[in-house]
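Beneath this line is the structure, given in structure tokens, with notes to follow.
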Amino acid sequence: MQKQLFMQPIIALLLFWALTSSCYAGGIVLGQTRVIYYADKKEAALPVTNNARTMPFLLQSWVENEKGNSRGPFIVTPPLFRINGGESSTLRIIKTDASLPEDRESLFYIDVRAIPASSVSDTNKNLLTLVVKTRIKLFYRPGTLKDKAVDAYKKLQFNRTQDTLYIYNPTEYFVVFSGLSIGNTELTDKIDFISPGEHKKLPVPVASGSIIKWAAINDYGGVTQTLTRSIQE
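Numbering follows full-length UniProt numbering, in which position 43 of the sequence shown is assigned residue number 43; successive positions increment by one, without gaps.
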């Protein structure tokens with residue numbers, strides 16, 4: 001009896017996971033994992049596709065600042081629209097007149113909320129409506145930057161004391177990590193990115209060693225070559 005009671009919540013959890021997984025797999029797909037907004041362009045584009053062949057969605061999109069506590073100086077058009085099953089569309093991101101730094105990149109986030117449509121015949125049924133919000137990075141890139149974005153991760157500087165790893169980004173670009181480790185200690189889940197000119201520090205085990213490995217995510221969402229360096233205390 002106890003075993004049956006124990007299995008019931010597990011079965012319910014697995015059923016819920018299966019339902020939500022199919023919703024993610026057959027729903028709205030963004031065509032990019034990040035958007036680069038070049039300052040000399042009038043706009044940037046983000047393709048979207050509805051892979052759910054028979055279900056329409058209502059899409060609501062907007063841009064937030066790096067901290068996620070206010071809207072960014074960009075307009076997404078259309079901000080709210082219906083996308084039918086099997087259809088594709090494009091979100092256009094347009095910068096407003098607000099001024100942004102021209103000596104380094106700026107980071108924002110594009111939020112896309114997908115609301116599945118329900119038919120009139122479903123109004124009297126008890127349904128679980130899953131509203132899915134996807135967030136991806138938006139980088140505003142001035143045209144005056146000297147170095148190349150593809151080389152930024154190669155220029156990161158690392159130092160350590162006994163229990164602290166220090167990271168410095170001397171470049172004008174954001175570096176988004178796809179992997180970071182020191183010795184046998186994995187640090188990828190402790191850092192997402194490092195901003196232009198930023199210093200960051202991470203706690204590390206005293207006996208973690210002096211060999212550091214790291215890789216980054218490039219402009220196209222791919223992973224760069226893994227670099228290895230020996231650092232001194």
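For each residue, glycine too, the CB sits at the ideal point set by N, CA and C.
| field | Residue interval of the beta strand (DSSP E) (run including Glu64) | value | In the sequence shown, counting from the first residue as 1, residue 64 sits at position 64. Glu64 -> beta strand (DSSP E) spans Phe57 to Asn65.
| query | Are Tyr153 and Thr226 touching if we call contact CB-CB under 8 Å? | reply | Against the sequence shown, residue 153 aligns to sequence position 153. Against the sequence shown, residue 226 aligns to sequence position 226. Against a cut-off of 8 Å, the Cβ pair of Thr226 and Tyr153 comes out as no contact.
| request: Note down the Cα distance separating Leu100 from Ala215, rounded to an integer number of angstroms. | output: Here residue 100 corresponds to residue number 100 of the sequence shown, with the count starting at 1. Here residue 215 corresponds to residue number 215 of the sequence shown, with the count starting at 1. Distance between the alpha carbons of Leu100 and Ala215: 28 Å.
| query | What beta strand (DSSP E) runs, 3 residues minimum, are completely inside the segment 165-223? | reply | 175-182, 199-203 and 211-216
| C-alpha gap between Asp82 and Tyr109, whole angstroms | Counting from 1 along the sequence shown, the entry for residue 82 is found at position 82. Counting from 1 along the sequence shown, the entry for residue 109 is found at position 109. Looking at the sequence shown, residue 82 is not Asp but Arg. Spanning the two alpha carbons is a distance of roughly 22 Å.
| said: With a threshold of 8 Å between beta-carbons, can Gly209 be considered close to chain D, or not? | reply: Of the protein chains in the structure, only one exists, and it is not chain D.
| message | Let's see if you can read the secondary structure: which residues bound the beta strand (DSSP E) around Thr90? | response | Reading the sequence shown from its first residue, position 90 is the one you call residue 90. Counting along the chain, the beta strand (DSSP E) containing Thr90 begins and ends at Ser88 to Lys95.
| Thinking C-alpha only, which one of Val204, Gly197, Ser195 and Pro196 is nearest Asp189? | To locate residue 189, count along the sequence shown from 1; it is residue 189. With distances taken between Cα atoms, Asp189 lies closest to Val204.
| Quick one: what's got a C-beta closer than 6 Å to Gly26's C-beta in the same chain, skipping five residues either side? | For the purposes of this step, residue 26 is taken as the residue at position 26 of the sequence shown. Bear in mind that a pLDDT of 45 at Gly26, under 50, signals an unreliable position, so the number given afterwards is only what the model happens to contain. The answer, listed in chain order, is Asn51 and Ala52.
| How would you call Ser70, buried or exposed, if buried means at least 16 neighbouring beta carbons within 10 angstroms? | Here residue 70 refers to the residue found at position 70 of the sequence shown. By the 10 Å Cβ count, Ser70 comes out exposed.
| query | What residues are listed by DSSP as bridge partners for Thr49? | reply | Taking the sequence shown and counting its residues from 1, one reaches residue 49 at position 49. DSSP, once it has assigned bridges, lists Val29 and Ser88 as partnering Thr49.
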